[in-house]
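Q: What follows is a single structure, and I will ask about it in a moment.
In our numbering, the protein residues as written are 2 to 250.
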């Protein structure tokens, strides 16, 4: 679980632990938060460990997977969750280094982690890679061209890896949240006007909760979803259903 020490990653880590899985919680900052998640899982009787790595760094990613090999002899499920949205800027005003960093974390990072995971999963001829995408793999978002580009790229990366890994019995797919109540967007849902605007984009009329995403991630990794691969599963309350057309075109 990359980026497993806060927000959606933390919720997904807990959900996998509750299902009986061994959980590796990756982090790049706030090691105390990662250790808190690990300690909670261990207190519940689950085997868990915290693993530091910048997912955009191939050497650090390699060391992280080597640590998994040493501890558990490999893995069965990779959840690529680590991601950033970057500073808001119109495309022609964006800082190239900041723009590139978003792509490195959100697209190169999942590739590097999937690369290591698939080397192992294709060899054992089983396993699942779940890439946490976003509704913004489909919906444009002014001011965040790096983020939208990274998530659209992640979708096609997932489809291509699924095509490549399918003959080895390995599934690859995206899970795309919409507006979910997490610390990263707290400034929006704490502001009444911001919240009202956001809810106007969601036909179900509520924000998603981390558990809405976490439960589906566990399902998609399970044998109950054994025929699901090469696609994006949206969990967005209908945000990608063009709610502005609810009153006609």
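Positions of the beta carbon are idealized from the N, C-alpha and C atoms, including for glycine.
Under a three-way DSSP split, which group does residue 80 fall into?
A: strand
Q: Going by the beta-carbon positions, is the gap between residue 159 and residue 132 smaller than 8 Å?
A: With contacts defined as CB atoms closer than 8 Å, residue 159 and residue 132 qualify as a contacting pair.
Q: Contact between the segment 6 to 20 and the segment 78 to 91 is defined here as three or more beta-carbon pairs at a separation below 8 Å; is this criterion met?
A: yes
Q: Using 10 angstroms around the beta-carbon of residue 183, count the other beta-carbons present and answer buried if the total reaches 16, otherwise exposed.
A: buried
Q: When the distance is taken between beta carbons, is residue 87 closer than 8 Å to residue 100?
A: yes
Q: For the segment 194 to 214 against the segment 240 to 249, do three or more pairs of beta-carbon atoms, one drawn from each stretch, fall closer than 8 Å, so that the two count as touching?
A: With the cut-off at 8 Å, the segment 194 to 214 and the segment 240 to 249 touch.
Q: If we call anything under 8 Å between Cβ atoms a contact, is residue 255 one with residue 2?
A: Absent from the structure is residue 255, since the part of the chain shown begins at 2 and ends at 250.
Q: Where in the segment 163 to 204 do unbroken runs of the alpha helix (DSSP H), each at least 4 residues long, occur, reported from the N-terminal end onward?
A: Within the segment 163 to 204, the complete alpha helix (DSSP H) runs of at least 4 residues are 187 to 190 and 193 to 200.
Q: Kindly indicate which residue of 162, 127 and 93 has the alpha-carbon position closest to the one of residue 147.
A: 93
Q: I think residue 233 touches residue 177, with their Cβ atoms under 8 Å apart; what is that distance to the nearest whole Å?
A: 5 Å
Q: Determine the extent of the alpha helix (DSSP H) in which residue 97 is found, giving its start and end residues.
A: 97 to 104
Q: Does residue 157 pass the burial test, meaning 16 or more other C-beta atoms within 10 Å, or should it be called exposed?
A: With fewer than 16 other beta carbons inside 10 angstroms of its own, residue 157 counts as exposed.
Q: Going by the CB atoms, is the gap between residue 175 and residue 127 shorter than 8 Å?
A: no
Q: Going by C-alpha distance, which of 18, 221 and 191 is nearest residue 208?
A: 191
Q: Are the beta-carbon atoms of residue 91 and residue 144 separated by less than 8 Å?
A: yes
Q: Would you mind sorting residue 172 into buried or exposed? The rule is 16 or more other CB atoms within 10 Å of its CB.
A: buried
Q: Figure out for me which residue from 98, 38, 150 and 112 has the closest Cα to the Cα of residue 52.
A: Ranked by Cα distance from residue 52, the options 98, 38, 150 and 112 are led by 38.
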